[in-house]
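Data first, discussion second: the structure below is written as structure tokens.
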Amino acid sequence: MTLEQIEVGQGAIIKQIRGHGPLRRRLLEMGLTPHTEVCVRKMAPMGDPIELRLRGYSLTLRKEDAALIDVILNESIAQGEHTGPNHGHRHRHRGGLQRG
Amino acid sequence: MVIVIAIVEGYNVDKTYTIALIGNQNSGKTTLFNQLTGSNQHVGNFPGVTVEQKRGNVVGNKMLEVVDLPGIYSLSPYTLEEMVTRDFLIREKPDAIINIVDATNLERNLYLTLQLLDLQIPMVLALNMMDEVRNSGHYIDLNAIQLQLNTPVFPISALNNEGVHEMLTGLVQLLNQQDEQPWLDYCSGEVHSAVHAIRHLIQEKAEVKAIPVRFAAAKLFEGDEPLEQVLQLDSHDLDLLNRIIAHAEEHLGVDREAAMVDMRYQFIDALSVEVQSKQGESQESIRSQKIDQFLTHRYWGIPLFFFSMLSVFWITFGPVGTWFSDFFVAGIDHFTSWVDLSLETFGLNPILHSLVIDGVFAGVGSVLGFLPIIIILFFLLSILEDTGYMARVAFMMDQLMRKIGLSGRSVVPMLMGFGCSVPAIMATRTLSGARDRKMTILLTPFLSCSAKVPIYAVFTAAFFVKQQALVMFSLYLGGVIIAILSGYLLKSTVMKGNPVPFVLELPAYRMPNARSVALNLYDKAKDFLTRAFTVIFLGTIVIWFLQSFDMHFNWVESSEQSLMALVGRFISPIFQPLGFNDWRASTALLAGITAKEAVVSSLAILLNVGEASQVTEVLPTLFSPVAAYAYLVFTLLYMPCVAAFAATRREWGSWRGAIGAVSFQTGVAWLMAFLVYQIGSLFWV
């Protein structure tokens, strides 16, 4: 599934970012790398963009851009509890990068 | 005596060091820059681009000159700010870097740090907001970071000016060190071997071009076409490069960009696990979430925003601003009449006298009258900006702004346009992406600025006494609608292309720093005054000349014979279809280019009435009510004043663009006034 399908208050783990070019680069550089935990915290009053919490800070991006991000739903994350800085990606796999 | 001092100073100041100040957006960079340099700052532009460059000497240590570089997240060659920073670091080779890092947000901030380390320029790490880290009961092992990164680390709080002195001492020590900092190799796995191979491949070419080899190798691995060209890699090099990368990609299973970014973050993750202990979120973050529950609320977030903007405008253009403005204008008037009288007593040549009083004092004086309003407006807006609220405004309004091909970030400059186009156009500097910037500059003047209010006031008093509020409101709304329609039009024609992706950090809410706000105001005031005494000064002299002389350069008694009237008569047929072809109406429009409220004062002069207030009685002889409304529509939309044009020219970066912009605006004005008059005439005669 993709990040824009995650509901407000739910968490997810990033698999990969599709697409190419500056946008993808920017998303990666803002810390949306594989295995990073993110939490969808809010939706703008008009439904778009969304606010994410990752790596201890808040980031906002549009749904159409969030649709480029493949994620796995992480049921264990509830808003406010495990989204603290540095909690998220600490248990990432250390065995290098996964294929695909 | 003077010579002695010079020699002593010359002895001390044997070398000045250039220090680059770099950090993420919202890392407190500007606050630190202000703390370091105080008021010893000068503003310029980076060569060839409209990105602002601030330099300043460190207070108490003149040897150190700090350059404030744009707030960026990475050294990728994508945004203008990133390009400018790269170019500066590589070409100008600063003696050292101060990398300011938000300690409450260590991981993402360190991403830029790793890239900076590749440049092999002596560097200190300033861990800002350490007070917040401590207050939240968190702990960061500074020694561990220092060891891991091979870089001196200093805890500071830029806001409270804590630790800044110690950091400077450390920086000076670093500058005096002879031996090079041992560099950090954060690369691992396949990427490491690939970057290593690329280093060997390009070593010589990079050295010839004086580009740090490690930086170049890492960037080439990521994919960096500008750099490939700078290094003049031949087809053989490129072939090898591509093979190295293809090999690495195959082994890693991901593409080069993702591989590099991911490797950097892996290093940072490992580092941050080692150096920081955190239990939950920081206090500031929790507080911000609570504030956001209210300020970006689903239902009342947007109404609250409109309410806050209304308050800003009410304070600026309502009683408070008016009081300051009146006070200031009274002062200018007082001074003007004093000079007027003195010149008369002195017996100055009447033409020169007129130049000084009717030209310079009247022109520059009327523009200076805006200064209090601009200062108040910027004061309130910079508080909203520095607290972090403006990022939320962009977040809330993005959906709406996208419809006209812009992003949420353009909201603030455009709203400022209701006050004055000059600061609004200046504020577009904060937008990333040339397309967004240009489009915002182009659309902002459609929003009715405060200088147009006197025109509306006089015309509504003369023609629409009963419908005064309705007419005023229709003009404001009309400006907004035209801006939206033009946005649509531009989006699908000349301003095609993708808007800059909206990937925006929402910083924690923080109290603004008084010193930063004050310095910001000082800058804006200085910028405005500089313009008032250069471009506007020249502009007013030209207009004065056109108003005071005839074709044979003879002094004219009444402005009817002036060159300006000649031009007015010449262009007046253009306005025939709009219902006002009287030469005085078109001449007043020309005069309005100096400053919009000059439309009213010129009409007063051309209609031979003493006071501007008497204009209302004579105006109906010039216009029918429908033509009067068309005239108002035209003044609302046509090219902005000289000051705004100068700002457009500067932010756009070219004369051609700026002239194109005002031609477009004037064209739209003509068309709309035409429609208003032609359609209006069908219903009212």
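One line per chain: the protein sequences are D and B, in this order. Residue numbering for the first sequence follows my numbering, beginning at 1 and increasing consecutively. Residue numbering for the second sequence follows my numbering, beginning at 1 and increasing consecutively. Even glycine gets a Cβ: it sits at the ideal position worked out from N, Cα and C.
Using a Cβ-Cβ cutoff of less than 6 Å, which residues in the same chain neighbour F575(B) once the five nearest sequence positions on both sides are dropped? Answer for F575(B): N581, S586, listed in chain order.
Residue environment, Q178(B), which counts as buried when at least 16 other CB atoms sit within 10 Å: Exposed, because fewer than 16 other Cβ atoms sit within 10 Å of the Cβ of Q178(B).
Does chain D have any CB closer than 7 Å to the CB of Q399(B)? Yes - at least one Cβ of chain D is within 7 Å of the one on Q399(B).
Beta carbon of A22(B) nearer than 7 Å to that of L64(B): The amino acid occupying residue 22(B) in the given sequence is Ile; Ala does not appear at that position. At a Cβ-Cβ threshold of 7 Å, I22(B) and L64(B) do not count as neighbours.
Could you confirm whether any beta carbon from chain D is found closer than 7 Å to the beta carbon of P70(B)? Proximity of P70(B) to chain D, defined by a Cβ-Cβ separation below 7 Å, is not satisfied.
Since R18(D) meets chain B, which of its residues come closer than 9 Å, beta carbon to beta carbon? Within 9 Å of the CB of R18(D), no CB atom of chain B is found; the nearest one sits about 11 Å away.
Are the region 19 to 33 of chain B and the region 157 to 172 of chain B touching by the rule of at least three beta carbon pairs closer than 8 Å? Short answer: they touch.
Which same chain residues, not among the five before or five after M672(B), have their C-beta less than 7 Å away from its C-beta? Here the set comprises I482, V633, L637.
Within chain D, partners of M396(B) - CB distance below 9 Å: At a beta-carbon threshold of 9 Å, the residues of chain D lying near M396(B) are A44, P45, M46, ordered along the chain.
Between the C-alpha atoms of A20(B) and T79(B), what's the straight-line distance to the nearest angstrom? Taking the straight line joining both Cα atoms gives about 19 Å.
Looking at the structure shown, is Q467(B) part of a helix, part of a strand, or coil, going by DSSP? In the three-state reduction of the DSSP assignment, Q467(B) falls in the coil class, being assigned neither a helical nor a strand state.
CB contact below 7 Å: L75(B) versus chain D: Taking Cβ atoms only, chain D never reaches closer than 7 Å to L75(B), which makes this a no.
In three-state terms, what does DSSP make of N176(B)? In the three-state reduction of the DSSP assignment, N176(B) falls in the helix class, which pools H, G and I.
Can you grab the Cα-Cα spacing for the pair L415(B) / I425(B), in whole Å? Using only the alpha carbons, I get a separation of about 11 Å.
Return no unless some Cβ of chain B is closer than 7 Å to the Cβ of L28(D). It does: the Cβ of L28(D) has a partner Cβ on chain B nearer than 7 Å.
Span of the alpha helix (DSSP H) holding K63(D)? For K63(D), the enclosing alpha helix (DSSP H) has its first and last residue at 63 to 66.
Which class does H35(D) belong to by DSSP, given the choice of helix, strand or coil? Three-state DSSP puts H35(D) in coil, outside helix and strand.
Please check if any C-beta of chain B sits within less than 7 Å of the C-beta of T2(D). It does not; no Cβ of chain B falls within 7 Å.
State yes or no: is the C-beta of E505(B) within less than 7 Å of the C-beta of L59(D)? Yes, Cβ-Cβ distance for E505(B) and L59(D) is below 7 Å.
R298(B) touches chain D at which residues, Cβ-Cβ below 8 Å? Within chain D, the residues placing a beta-carbon under 8 Å from that of R298(B) are M43, P45, ordered along the chain.
Start and end residues, beta strand (DSSP E) containing G56(B): Start and end: 52 to 58.
Look at N135(B) and Q283(B) and say whether their C-beta atoms are less than 7 Å apart. Contact: yes.
Going by C-alpha distance, which of Y139(B), E274(B), V609(B) is nearest L147(B)? By alpha-carbon distance to L147(B), the top candidate from Y139(B), E274(B), V609(B) is E274(B).
Of the residues V364(B), L168(B), P303(B), V84(B), which one's Cα is nearest the Cα of M123(B)? Of V364(B), L168(B), P303(B), V84(B), the residue nearest in Cα terms is L168(B).
Using the C-alpha atoms, what's the distance from D237(B) back to F215(B)? Their backbone Cα atoms lie some 17 Å apart in a straight line.
Among residues of its own chain, excluding the 5 on either side of I72(B), which ones have a beta-carbon nearer than 6 Å to its beta-carbon? Result list for I72(B): E81, E82, T85, in chain order.
Does the separation of the CB atoms of M564(B) and L546(B) fall below 7 Å? It is a contact, given that the beta carbons lie within the stated cut-off.
Segment limits, alpha helix (DSSP H) that includes I687(B): The shown model of chain B, from 1 to 685, leaves out residue 687(B), and the question about it has no answer.
Using 7 Å as the threshold, is the C-beta distance between Y677(B) and L578(B) below it? Against a cut-off of 7 Å, the Cβ pair of L578(B) and Y677(B) comes out as a contact.
Please go through the same chain and pick out, in chain order, the residues whose beta-carbon is closer than 7 Å to the beta-carbon of V195(B), but skip the five residues on each side of it. Correct list, in chain order: C187, A217, A218, F221.
By the three-class DSSP mapping on this structure, what secondary structure does P49(D) have? It is coil, neither helix nor strand.
Residue burial classification, H138(B) (beta-carbon count within 10 angstroms, cutoff 16): By the neighbour-count rule (16 or more Cβ atoms within 10 Å), H138(B) is buried.
Would you call the CB atoms of V494(B) and V615(B) closer than 7 Å? In this structure, V615(B) does not lie closer than 7 Å to V494(B) by Cβ.
List, in order along the chain, the chain B residues whose C-beta lies closer than 8 Å to that of D65(D)? Residues of chain B whose Cβ lies closer than 8 Å to the Cβ of D65(D) are, in chain order, P501, F502, V503.
Contacts of V261(B) in chain D (Cβ-Cβ under 7 Å): Simply L28, E29, T33.
Would you mind working out which of T296(B), Y111(B), A427(B), I441(B) sits nearest P45(D), comparing C-alpha positions? Measuring from the Cα of P45(D), the nearest candidate turns out to be T296(B).
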